[in-house]
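In the working numbering, the protein residues as written are 1004 to 1051.
We put the beta carbon where it would ideally sit given N, CA and C, even for glycine.
Just so you know, these numbers come straight off a predicted model, no measurement behind them.
Read through the structure below, which is laid out as structure tokens, and then see the notes.
Structure representation (structure tokens):
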């Protein structure tokens, strides 16, 4: 599961770096949302 989180973070960072527009807030929000969903999905079986 950590590999998925790392790949999501890496992809979002690459998109934010390549897309040098003023919408970096959208990228950060999307990355945080995706990371949150992954952490919730990975944490549910662990903490059960």
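Cα separation between residue 1036 and residue 1028?
In a straight line, the C-alpha of residue 1036 is about 12 Å away from that of residue 1028.
Can you tell me the Cα-Cα spacing of residue 1013 and residue 1034, whole angstroms?
So the two alpha carbons sit approximately 10 Å from each other.
Does the separation of the CB atoms of residue 1011 and residue 1041 fall below 8 Å?
Against a cut-off of 8 Å, the Cβ pair of residue 1041 and residue 1011 comes out as a contact.
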